[in-house]
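Trainee:
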DNA sequence: GTATTGACTTGGACTTCGTCCATCGTAGGA
DNA sequence: TCCTACGATGGACGAAGTCCAAGTCAATAC
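Protein chains in written order, with our numbering: chain A, 1 to 124; chain B, 1 to 124.
#1: What residue from A:31, A:26, A:46, A:111 has the CA that sits closest to residue 37 of chain A's CA?
#2: State yes or no: is the beta carbon of residue 19 of chain B nearer than 9 Å to at least one beta carbon in chain A?
#3: Could you round the C-beta distance between residue 76 of chain A and residue 103 of chain B to whole angstroms and report it? I think they count as a contact, below 8 Å.
#4: From what residue to what residue does the beta strand (DSSP E) around residue 87 of chain A run?
#5: Please find out if some non-hydrogen atom of the ligand NAP comes closer than 8 Å to the beta-carbon of residue 95 of chain A.
#6: Can you tell me which residues form a DSSP beta bridge with residue 116 of chain A?
#7: When burial is assigned at 16 or more other CB atoms within 10 Å of the CB, is residue 207 of chain A buried or exposed?
#8: What separation, rounded to the nearest whole angstrom, lies between the Cα atoms of residue 101 of chain A and residue 84 of chain B?
#9: Roughly how many angstroms separate the alpha carbons of residue 88 of chain A and residue 109 of chain A, rounded to a whole number?
#10: Hey, residue 105 of chain A and residue 78 of chain B are a contact pair by Cβ (cut 8 Å); roughly how many whole angstroms apart?
#11: When you compare the CB of residue 43 of chain B with every CB in chain A, is at least one pair closer than 9 Å?
#12: Pull up the distance between the alpha-carbon of residue 21 of chain A and that of residue 62 of chain A, whole angstroms please.
#13: What residues from chain A crowd round residue 96 of chain B, counting only those whose CB sits closer than 7 Å?
#14: Classify residue 28 of chain B: buried if its beta carbon has 16 or more other beta carbons within 10 angstroms, exposed otherwise.
#15: Establish whether the CB of residue 12 of chain B and some CB of chain A are separated by less than 9 Å.
#16: I need the straight-line Cα distance from residue 117 of chain A to residue 8 of chain B, nearest angstrom please.
#17: Which class does residue 20 of chain A belong to by DSSP, given the choice of helix, strand or coil?
#18: Determine, for residue 108 of chain B, whether the minimum Cβ-Cβ distance to residues of chain A falls below 9 Å.
#19: Got a sec: is the Cβ-Cβ distance from residue 114 of chain A to anything in chain B below 9 Å?
#20: Spell out whether any CB of chain A is found under 9 Å from the CB atom of residue 102 of chain B.
#21: Taking residue 118 of chain B as the query, report the chain A residues whose CB atoms sit under 9 Å from its CB, ordered along the chain.
#22: Write down every uninterrupted run of the beta strand (DSSP E) in the stretch 34 to 68 of chain A whose length is 3 residues or greater and which is fully enclosed by it, in chain order.
#23: Quick one: Cα of residue 97 of chain B to Cα of residue 114 of chain A, how far?
#24: Return the CA-CA distance between residue 19 of chain A and residue 66 of chain B, expressed in angstroms with no decimal places.
#25: Under the rule that 16 or more other beta-carbon atoms within 10 Å means buried, what is residue 47 of chain A, buried or exposed?
#26: With H, G and I counted as helix, E and B as strand and the rest as coil, what does DSSP make of residue 123 of chain A?
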């Protein structure tokens with residue numbers, strides 16, 4: 001655990017943040033000015049493979065990193081401004097995929113992404 | 001309808017292809033050697049906004065284009081090789097999101113992406 | 001105490017994917 | 001025939017992310 005890794009982990013400390021790698025870098029730089037971009041990417045990658053952080057792909061734009069990895073949830077993304085909210089739909093989407101629709105795949109997970117407009121963007 | 005657009009539409013003619021923009025360009029070039037990358041992107045963008053083709057974001061890599069836009073379906077993606085299959089789960093994921101979890105958003109759609117390993121990658 | 005080792009970090013080059021823009025060509029109308 | 005406008009072209013550009021050689025640092029070995 002180096003200072004750099006601690007800073008990256010701290011930046012992702014909140015439960016409800018969804019930062020891009022650049023935003024993480026920006027905030028990490030504020031605390032540790034000499035941290036490099038490669039280190040931020042390396043550390044984020046490790047946190048993801050440790051299962052501490054979830055990568056959220058938001059359609060062409062930069063990936064976002066979600067530290068709320070221990071509570072299963074899905075995402076609701078605003079098509080206007082890109083804002084993300086964690087949501088908790090009912091039902092188990094994995095159970096909805098019958099074996100006949102699995103084509104021999106070993107299915108390990110499922111992501112559900114709701115899209116729409118947030119109240120601010122809907123008004124505009 | 002120009003020759004270039006016809007070629008792009010033809011390349012996406014099959015019901016079960018999921019090409020990247022580069023693969024579309026490659027196949028279009030085979031039929032019309034002087035077609036340019038910008039034209040392929042323009043045409044794909046128009047097909048998407050016409051609702052004839054769906055954009056599939058596959059996790060950091062290049063977007064894929066799915067001509068099977070008129071039959072609602074979801075995707076099963078191999079984490080190993082990136083292969084995509086169309087799948088048809090039961091249930092309606094939109095209905096699973098109660099109003100209390102919508103945070104005032106105008107929810108317009110939902111994507112469900114199953115992830116796993118295809119038989120070939122699982123064997124390796 | 002010094003040398004060695006290995007893990008981590010750095011910064012810059014590089015790649016990939018995609019967009020933008022000035023210019024060119026061509027088909028159809030005046 | 002000439003004009004006009006739309007679409008195509010290709011090259012420059014930009015964002016996001018990866019790679020790599022070199023540097024730093026701490027722990028272990030001698």
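From the three backbone atoms N, C-alpha and C, an ideal C-beta is built for every residue, glycine too.
Mentor: Taking the coordinates as given:
#1: Position 37 of the first chain, counted from the first residue, corresponds to residue 37 of chain A. Across the set A:31, A:26, A:46, A:111, the C-alpha of A:26 shows the shortest separation from the C-alpha of residue 37 of chain A.
#2: Your numbering for residue 19 of chain B matches position 19 in the second chain. The beta carbon of residue 19 of chain B does not come within 9 Å of any beta carbon belonging to chain A, so the residue lies off that interface.
#3: Position 76 of the first chain, counting from 1, holds the residue named residue 76 of chain A. Position 103 of the second chain, counting from 1, holds the residue named residue 103 of chain B. 7 Å between Cβ atoms; contact.
#4: Counting from one through the first chain, the residue named residue 87 of chain A turns up at place 87. Secondary structure note for residue 87 of chain A: its beta strand (DSSP E) is the uninterrupted segment 84 to 87.
#5: The ligand NAP is not part of the structure shown, which contains no ligands of any sort.
#6: Start at 1 with the first residue of the first chain, and residue 116 of chain A comes out as number 116. Note: residue 116 of chain A sits in a beta bridge opposite A:78, B:107.
#7: Residue 207 of chain A falls outside the range modelled here, since chain A spans only 1 to 124, and no answer is possible.
#8: In the first chain, residue 101 of chain A corresponds to position 101, counting from 1. In the second chain, residue 84 of chain B corresponds to position 84, counting from 1. Residue 101 of chain A and residue 84 of chain B have their C-alpha atoms roughly 13 Å apart.
#9: Along the first chain, one-based indexing puts residue 88 of chain A at 88. Along the first chain, one-based indexing puts residue 109 of chain A at 109. Those two C-alpha atoms are separated by around 16 Å.
#10: Taking the first residue of the first chain as 1, we reach residue 105 of chain A at position 105. Taking the first residue of the second chain as 1, we reach residue 78 of chain B at position 78. The beta carbons of residue 105 of chain A and residue 78 of chain B sit about 7 Å from each other, so the pair counts as a contact at 8 Å.
#11: Numbered from its first residue, the second chain carries residue 43 of chain B at position 43. By the rule that beta-carbons nearer than 9 Å mark a contact, residue 43 of chain B does not touch chain A.
#12: What you label residue 21 of chain A is simply residue 21 of the first chain in a count that begins at 1. What you label residue 62 of chain A is simply residue 62 of the first chain in a count that begins at 1. Looking at the two C-alpha atoms, the distance is approximately 8 Å.
#13: Residue numbering aside, residue 96 of chain B sits at position 96 when the second chain is read from its first letter. Within chain A, the residues near residue 96 of chain B are 89, 90, 91.
#14: On the second chain, position 28 is the one that residue 28 of chain B refers to. Burial call: buried.
#15: In the second chain, the residue the question calls residue 12 of chain B occupies position 12. The beta-carbon of residue 12 of chain B is placed no less than 9 Å from the nearest beta-carbon of chain A.
#16: To locate residue 117 of chain A, count along the first chain from 1; it is residue 117. To locate residue 8 of chain B, count along the second chain from 1; it is residue 8. Their backbone Cα atoms lie some 31 Å apart in a straight line.
#17: Walking along the first chain from the start, residue 20 of chain A turns up at place 20. Secondary structure of residue 20 of chain A (DSSP, three-state): strand.
#18: Against the second chain, residue 108 of chain B aligns to sequence position 108. True, the Cβ-Cβ gap to chain A drops below 9 Å.
#19: The sequence position of residue 114 of chain A within the first chain is 114, counting from 1. Closer than 9 Å: yes.
#20: On the second chain, position 102 is the one that residue 102 of chain B refers to. Chain A contact via Cβ: present.
#21: In the second chain, the residue the question calls residue 118 of chain B occupies position 118. Counting only Cβ-Cβ distances below 9 Å, residue 118 of chain B has contacts in chain A at 103, 104, 105, 106, in chain order.
#22: When DSSP assignments are scanned along the stretch 34 to 68 of chain A, the uninterrupted stretches of beta strand (DSSP E) that are 3 or more residues long and fall wholly within it turn out to be 54 to 56, 64 to 66.
#23: Counted from its first residue, the second chain places residue 97 of chain B at position 97. Counted from its first residue, the first chain places residue 114 of chain A at position 114. In a straight line, the C-alpha of residue 97 of chain B is about 9 Å away from that of residue 114 of chain A.
#24: As a first step, residue 19 of chain A is located in the first chain; it is residue number 19 there, counting from the start. As a first step, residue 66 of chain B is located in the second chain; it is residue number 66 there, counting from the start. Distance between the alpha carbons of residue 19 of chain A and residue 66 of chain B: 29 Å.
#25: The residue you call residue 47 of chain A lines up with position 47 of the first chain. The residue is buried, with at least 16 neighbouring Cβ atoms inside 10 Å.
#26: Residue 123 of chain A sits at position 123 when you count from the first residue of the first chain. Under the three-state reduction of DSSP, residue 123 of chain A is assigned to helix.
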